[in-house]
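**Student:** Each step along the sequence shown adds one to the number in the UniProt record's numbering, with nothing skipped, and position 268 is 268. For each residue, glycine too, the CB sits at the ideal point set by N, CA and C. The structure presented is a predicted model; accordingly, all values stated were derived computationally and were not measured. Supplied in C-alpha cells, the structure appears directly below.
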Amino acid sequence: MPLDSLPKHNSMVVHQNPRLMPFWHFGLHFFCYTSEDLTPSLLWHSRIMSCGIGTCLISFSSWVLQAMYFINRCPITRPNYAKLMEECSSKKKANIPAEIKIMPEPDLESLDAREEHKTNSENKEAKKAVLGNREAIQKAFFYFTTFKGLLVDLIFSFRERNESKKFFRSINAKDAFCVIEAELNFFYDVLYTKAAVVHHPVGYLFRAISIGSVITAFAFFYVLNKHGFHKYDIRITYTLLLGAVGLEFGALIMLICSDWTIARLERFLKHHIGGTFIEFLLKFKSEGSSFALHIHHARWSKSIFQYNLIDSRLKRWPKCIEKLLDCVSLREWFDGLKFRQPEQYRDELRGLIFDELQRKSSAADDTERIKEMCAARGKWALEDFETGGENLKDLLPFVHEVDYGESLLLWHIATELCDNAETDESTNTDESTNSNSDRVNSKVLSNYMLHLMIKQPAMMSAVAGIGQIRFRDTCAELDKFIDENISDESVVKGCTCMGSELKERKQRVCKSLLSVPTDVKPVDVKGDRSKSALFYACDLAKKLQSIANEDRWKIMCQVWVEMLGYAAIHCRPYNHAQQLSKGGELVTLVWLLMVQLGLSEQFQIVEGHARAKLIVQK
C-alpha cells in the first residue's frame, strides 16, 4: 500500500521521504522490532542478509577454533619403522654387516644441568626481576599457544615442561599468578568470545571494512542534498550514524587495547614495522593511565568464597522456616545467600601456594615422581616436614587411609576446632597469635575447599566421592550435638547470631566437642550406616594440638595446599573451562600453575623423534 494512501487518523506520523526508512532498518538496525512495521518486506530482506552474514562468520569462527585445537592431533607416523627394519634385515641376510644406531635428541637433563650452573648472583637477579605488563602478556600468550591442547587432553613433551618450569621458577609469586591470570584470559576469549576471529588477519580486514563503511555512509549523508527531508528524519539519521561511528571506534579501541594485540606486537618489533605507534601503545599499556592498569588487572575478582560448617549450623534457619524452604525447593538457594561469604585474596596466601608448588616441582624429576606428587593429598606434606616425629605419623591415617571427601571434612572441622581452642586459650594471654599468617591461610583454604565440595560439586565430582552424603550426615550429627549439649535457647531454636555472640557460641561448641573422649572409634559404637566425620575430626584435632603451635599451623597450611592441588589437577579440564565463564576460581589458577610447573600427568613424551641411522660396515 502506498504511504500516501494511509488513513489520516493513523497514529504514526508519516513524512514525505520514505527512502530513509530502508536505510534506518537495513543499514542501522541496532534494535529489535516488537510490533508490525509498515515495510515488512524490507525488514524481511534485512533479516535474511543478517542471518546469512552471521552464518558465514560462525562457520568461519568454528573452523578457526577447530584448527587451533586439533592441529596438533594429527597422527604421527614418522619415522618409517617398517622400511628401516626391512632394509636392515635384507642387509644382514646378504651377510653385509649392518646395525641400526640411534641418535637421540639432545639430552634434556644435560641442558637443564647447564642452565643450573649459572652463578648464584645471576639466579638471584633473575628471581628479583619483575615482569612488566607487556612481558607478562607476551609470556602468557606464548604458554597459551603451547598448552592450549590441555582442554582436549593432549599430551606434552618434557622439553615443553622443562622450559615452562624454568621460567616460572625464575619469577616471584606475584608475577607467576599475573601470567596465569592473563593466560586464562586467553582461554576464556577463545572459548566464549569471538577473539580468535577478530584477531585474525581476515578479522582485521572485516573490521577495517566495517569502520570504512560507516564513515563513508556518514560522509555521503553529510554532503547529500537534504532538501525535502523532514528535520526530524535528519536528526534521527545523524543520531543513528553517530551511534554507529561511536560503536565502531569503541570496538577499535577495545581491539587495540586487548591482550591479543599486545601479545602479537613482538613480531612487529622484530621486523621494525610501525615502531612509533607500537612504542606508544606499549607505553600506554605498561606505564599509562589507571584505565590501562584496570584493563590489565581486571581478570579475576580475587575473591575466595568461604563456607564454614560450624558457622552454618549455628546460624541455621529456624525449623519452621527450614520446612517452608524445603517445600518450595529454595533452601539451598537461600543457604547460599546466607552462608557463602567472600574472602579477599591475600598476598601471603598467593606466596604460600606458589612456594609449596615450587617445592613439589623441584622434587618431581621423572614421570613416576610426577604421578606421586599429583596423587599426594597431604601425605607428602606430612612425610616431608622437618620436625614432628611420631606425632606426624599419627596424622597419616587421616589423609591416606580415607577417601578425599572424608579427609577434606576431617581437616576442615579439625582446623576450626584448633583455631577456636587456641583463641580461647590466648584470649587473656597473647593476642599476636591471632594474626599468625599460617593460621589465617589455613582457615581460608579450609573454608574455600568446603565451599568447592558443597557449592561447586561439578568441579569436585572426580575426587569428592560421597562427600555430599558425608557432609549431610555430619551436619545432622552436629545439630544433634548442639541441641543436646548447648543449653542456650537461641542456639537450640536456631536463632541467628552474629559477631561476638557467634564467636562466643562457636568457642563453646568447639570446647564441648574437644571434651568428648575419642579413645574408641565412632564406627565401633554407632556402626557405619552414618557417614558422619564429626568425632573422627575431634580425634584429629586432639592429635594436632599435641604438636607445637608454630609447627601445627605450618603443617596444616601445607596439607591444605596439597589438598587444593590434588583437587585442581584431578578436576576435568572441561570443568575448569566451564568455570571461566562464571568468573573463575582459585582452583583453576592452581591447576594451570601446576601444569606450568610440570606437575601434571599430561607430560608423557620423554623424547621426540629419535634419529635412527642404518650403519653398513665395509
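Would you list the one or two residues that DSSP bridges to phenylalanine 156?
**Tutor:** Phe603
**Student:** Provide the residue span of the beta strand (DSSP E) that contains glutamate 343, from first to last.
**Tutor:** 341 to 344 is the extent of the beta strand (DSSP E) around glutamate 343.
**Student:** Hey, serine 446 and histidine 400 are a contact pair by Cβ (cut 8 Å); roughly how many whole angstroms apart?
**Tutor:** About 19 Å; that fails the 8 Å criterion.
**Student:** Please state whether the Cβ-Cβ distance between leucine 325 and tryptophan 317 is less than 9 Å.
**Tutor:** yes
**Student:** Could you give the first and the last residue of the continuous alpha helix (DSSP H) run that contains glutamine 468?
**Tutor:** 467 to 485
**Student:** Between the region 207 to 225 and the region 149 to 163, are three or more C-beta pairs nearer than 8 Å?
**Tutor:** no
**Student:** To the nearest angstrom, report how far apart phenylalanine 603 and phenylalanine 147 are at their CA atoms.
**Tutor:** 11 Å
**Student:** Identify which residue in Gln306, Phe354 and Tyr345 has its Cα closest to the Cα of glycine 336.
**Tutor:** Gln306
**Student:** Is there a C-beta anywhere in chain D that falls below 9 Å from the one on isoleucine 370?
**Tutor:** Protein chain content of the structure displayed is limited to a single chain, and chain D is not contained in it.
**Student:** For serine 303, which residues does DSSP report across the bridge?
**Tutor:** Gln344
**Student:** Just how far apart, CA to CA, sit alanine 458 and alanine 476?
**Tutor:** Approximately 23 Å, taken between the alpha carbons.
**Student:** CA-CA distance, lysine 526 and tyrosine 536?
**Tutor:** Looking at the two C-alpha atoms, the distance is approximately 13 Å.
**Student:** Can you give the Cα-Cα distance for glycine 598 and tyrosine 566, rounded to whole angstroms?
**Tutor:** 14 Å
**Student:** In or out: proline 97 buried (at least 16 other Cβ within 10 Å) or exposed?
**Tutor:** exposed
**Student:** Proline 573 to lysine 174, Cα distance in whole Å?
**Tutor:** 24 Å
**Student:** Distance check for asparagine 549 and lysine 393, CA to CA, integer angstroms please.
**Tutor:** Cα-Cα distance, rounded: 17 Å.
**Student:** For valine 214, report the span of its alpha helix (DSSP H) as first-last.
**Tutor:** 201 to 223
**Student:** Shortest alpha-carbon distance to isoleucine 171 belongs to which of Ser546, Gln358, Met556 and Phe186?
**Tutor:** Gln358
**Student:** Just tell me which of Ser600, Leu593 and Asn95 has its CA closest to the CA of glycine 351.
**Tutor:** Leu593
**Student:** When DSSP labels each residue in this structure, what does glutamine 578 get in the three-state scheme?
**Tutor:** helix
**Student:** Considering Cα atoms alone, identify which of Ile454, Tyr232 and Ser407 is closest to glutamate 562.
**Tutor:** Nearest of Ile454, Tyr232 and Ser407 to glutamate 562, Cα basis: Ser407.
**Student:** Return the CA-CA distance between aspartate 473 and alanine 577, expressed in angstroms with no decimal places.
**Tutor:** 32 Å
**Student:** Can you list, in chain order, the residues of its chain with a C-beta nearer than 8 Å to that of leucine 131? Leave out the 5 residues immediately preceding and following it.
**Tutor:** Lys139, Ile171, Asp175, Cys178 and Val179
**Student:** What does a CB cutoff of less than 6 Å around serine 532 pick up in its chain, not counting 5 residues either side in sequence?
**Tutor:** Asp473, Thr474 and Glu477
**Student:** According to DSSP, simplified to helix, strand and coil, what is phenylalanine 187?
**Tutor:** helix
**Student:** So what does DSSP say about threonine 518, is it helix, strand or coil?
**Tutor:** coil
**Student:** Please list the segments of the alpha helix (DSSP H) lying wholly inside the region 437 to 461, counting only runs of 4 or more residues, in order along the chain.
**Tutor:** 437 to 455 and 457 to 460
**Student:** According to the neighbour-count rule (16 or more other Cβ atoms, all chains shown, within 10 Å of its Cβ), is threonine 237 buried or exposed?
**Tutor:** buried
**Student:** To the nearest angstrom, how far is it from the Cα of asparagine 123 to the Cα of aspartate 479?
**Tutor:** Below a pLDDT of 50, predicted positions are generally treated as unreliable, and asparagine 123, at 46, falls in that range; the measurement from the model is reported next regardless. Going from the Cα of asparagine 123 to the Cα of aspartate 479 covers about 55 Å.
**Student:** With a threshold of 8 Å on Cβ separation, who are the neighbours of asparagine 441 within its own chain once the five nearest residues in sequence on each side are excluded?
**Tutor:** Arg346, Glu348, Leu349, Leu352, Cys557 and Trp560
**Student:** Measure how close the beta-carbons of arginine 505 and leucine 314 come, nearest whole angstrom, since I'm counting them as under 8 Å.
**Tutor:** 6 Å
**Student:** Does the beta-carbon of threonine 415 have 16 or more other beta-carbons within 10 angstroms, so that it is buried, or is it exposed?
**Tutor:** Classification of threonine 415: buried, given that the 10 Å Cβ count is 16 or more.
**Student:** CA-CA distance, isoleucine 569 and phenylalanine 186?
**Tutor:** 20 Å
**Student:** Within this structure, are the beta carbons of leucine 184 and leucine 580 separated by less than 9 Å?
**Tutor:** In contact: leucine 184 and leucine 580 (Cβ atoms closer than 9 Å).
**Student:** Looking only at C-alpha atoms, which of Pro342, Asp519 and Glu422 sits nearest to arginine 508?
**Tutor:** Glu422
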